[in-house]
Each structure stands twice: as structure tokens, then as C-alpha cells.
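**Q** The opening position of the sequence shown corresponds to residue 208 in this note's numbering, with each subsequent residue numbered one higher.
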Amino acid sequence: MNTHALMWGMLIIPWLSLFIMKPASIRRFMPVAIIGALLVTIVFEIAHAFRWWTIFDKAIIVPWGYITNTAYVYGFFLIGTLWIFKLTYHKFWLFLLTNLVIDGMFQFGMDPLFERAGFYRFEHITHWQVFFIMISIALLLYLYQMWQEGSISHEVKEKDDPYELQFSRRQKAR
Numbered sequence: 208m209n210t211h212a213l214m215w216g217m218l219i220i221p222w223l224s225l226f227i228m229k230p231a232s233i234r235r236f237m238p239v240a241i242i243g244a245l246l247v248t249i250v251f252e253i254a255h256a257f258r259w260w261t262i263f264d265k266a267i268i269v270p271w272g273y274i275t276n277t278a279y280v281y282g283f284f285l286i287g288t289l290w291i292f293k294l295t296y297h298k299f300w301l302f303l304l305t306n307l308v309i310d311g312m313f314q315f316g317m318d319p320l321f322e323r324a325g326f327y328r329f330e331h332i333t334h335w336q337v338f339f340i341m342i343s344i345a346l347l348l349y350l351y352q353m354w355q356e357g358s359i360s361h362e363v364k365e366k367d368d369p370y371e372l373q374f375s376r377r378q379k380a381r
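Here it is as C-alpha cells:
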């Protein structure tokens, strides 16, 4: 199989799963998924600077792909985050267990296979260290989603907020 086709599949196929997710769930959890993708992209940038791993040409599908594994971050990870939050949010222990299992399968099952296939090579970091980074990101994302939902459902409106006054005037004009 063409390795670039595999990488494009890792990018596109997860997005197709959104057709079976309710739009309300996508709207609810897309912010946390985007924040997660941003954090993982930052990890890839740090990894490039400190040479934690090297991504080889086989895994590069976009010009900037030698730094960030685009297929993983913006396909598998982003959409996987949406699904994990949809299925486990408000059940912290299930969320944590799900992330431990999925991150463990990826770090100790899939990553060694991708390394042997020549997609990338770990250099100055171990699989355990990446596993702990990913679990830390998952916990940060859970805290972010708790904050996000708390701020949405318990919005405080200040009387002296000029934007609120402008909004009120616009409503009266209609």
C-alpha cells in the first residue's frame, strides 16, 4: 500500500465518522478538540526543536509535515478527541480509563509498528514519556471542558458592560 495513501486515510477517514455524530455534540466538543490539536501541535514543535523524534518522508503529506504529523494531529487525534468527549464526558474515570487505553495502545502498539515501517523514529524521548505527555494533555482538556461548560451555563452579566448595553439597544431597534 502506498504510505502517502495510508497517511491521507488517517487524515480523512476520521472526519467521515462525524456524519453519524449529532451536530449539537460537534458544536459542544469542537472547541476542546481544537485546543487539543493546538496543544499536540505545540508538542510536535517542541519535539522538533529538541529532536525527540524525526518524521521521515513517508509520513509527510503536506509541506510542513516534517515537524507535525498532520494526519495524526488533524485527523485521528482531533476527531478522536471529539468522540472520547462525546462518549465519556461527565464520567471522569471512564474518560481517564479510555485515554489510558487508547494512548497506551497507540504508544506501545501502533507507534512501534509505525517506527518499524519507517514513518518516524524516536530519538531523545521514550514511549513512556510521550504516553505521560498525552495523558497530561487529556487531563488539561478535561479541565478546559469543565471550565468551558461552567462558563457557558453560569454566564454572569454585568450591568455596566458596554457590549451588553449595545446588544440591548440593537434588540430594541428590531
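A virtual CB, placed ideally from N, CA and C, is assigned to each residue, including glycine.
Kindly give me the distance between the Cβ atoms of Lys293 and Ser232, rounded to whole angstroms, as I take these residues to be in contact under 8 Å.
**A** 5 Å
**Q** Alpha carbons only, please: which of Pro319, Thr277, Phe321 and Leu289 is nearest the one belonging to Arg235?
**A** Leu289
**Q** State yes or no: is the C-beta of Phe313 within less than 8 Å of the C-beta of Phe263?
**A** no
**Q** Which stretch, first to last residue, makes up the beta strand (DSSP E) that contains Thr248?
**A** Unbroken run through Thr248 is the alpha helix (DSSP H), Pro230 to Phe257; no beta strand (DSSP E).
**Q** Identify, in the order they occur along the chain, each residue of the same chain with its Cβ nearer than 8 Å to the Cβ of Phe251, setting aside the five sequence neighbours on each side.
**A** Ile274, Thr275, Asn276 and Val280
**Q** Quick one: is Gly287 buried, meaning 16 or more other Cβ sit within 10 Å of its Cβ, or exposed?
**A** Gly287 counts as buried, since no fewer than 16 other beta carbons sit within 10 angstroms of its beta carbon.
**Q** Does the stretch 214-224 come within contact of the stretch 255-262, defined as at least 3 CB pairs closer than 8 Å?
**A** no
**Q** Pop quiz: Ala244 and Leu285 are said to be a contact at Cβ under 8 Å. What is the actual Cβ separation, rounded to whole angstroms?
**A** 5 Å
**Q** With distances taken between CB atoms, is the gap from Ile291 to Phe302 smaller than 8 Å?
**A** yes
**Q** Does the Cβ of Ile267 have 16 or more other Cβ atoms within 10 Å, making it buried, or fewer, making it exposed?
**A** buried
**Q** Apart from the five residues just before and just after Leu348, which ones in its own chain have a Cβ nearer than 6 Å to its Cβ?
**A** Val239 and Gly243
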